[in-house]
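For the sequence shown, the working numbering begins at 823 and goes up steadily by one.
Below is one structure; the comments refer to it alone.
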Amino acid sequence: MYNKENIPEKLRNLINEAEKWGLGDDGYRDEQIENSSVSELNSLVSLFTEEIIIEFNEWLSNEVEVEKSTNEYLLFTCFFMAYEYAESVLEDKLPT
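Have a look at this one:
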């Protein structure tokens, strides 16, 4: 269970998705993304609106938050990495 108080309010509604995609092991996370359907990847990528990306960047680049490195911070860091990798994999899966 994660402490919502350690997560910016605008990102709290993403906790379930972060738990699904924000695997801490790079290999497992990459494998999950590579084995996902185009539809699943589109769903993941669509969560990251410009407003959400700004919120992520402000939180994840905050020196105080980096120092604390709470479980929530680490989960959402991995979630953001999943999003970035999913964008790349999605490009490869789409027909040209």
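Quick reminder that beta carbons are idealized off the backbone N, C-alpha and C, glycines included.
query                                                                                  : result
Enclosing alpha helix (DSSP H) for R851 [first to last residue]                        : 848-856
Residue burial classification, G844 (beta-carbon count within 10 angstroms, cutoff 16) : buried
Local conformation of I829 per DSSP, three classes                                     : coil
Exposed unless 16 or more other CB atoms sit within 10 angstroms - verdict on T899     : buried
N- and C-terminal bounds of the alpha helix (DSSP H) containing L866                   : 860-868
M903 (DSSP reduced to helix, strand or coil)                                           : helix
Reduced DSSP category for N884 - H, G, I as helix; E, B as strand; rest coil           : coil
Supposed contact pair Y824 and N893 - C-beta distance, whole angstroms, cut 8 Å        : 6 Å
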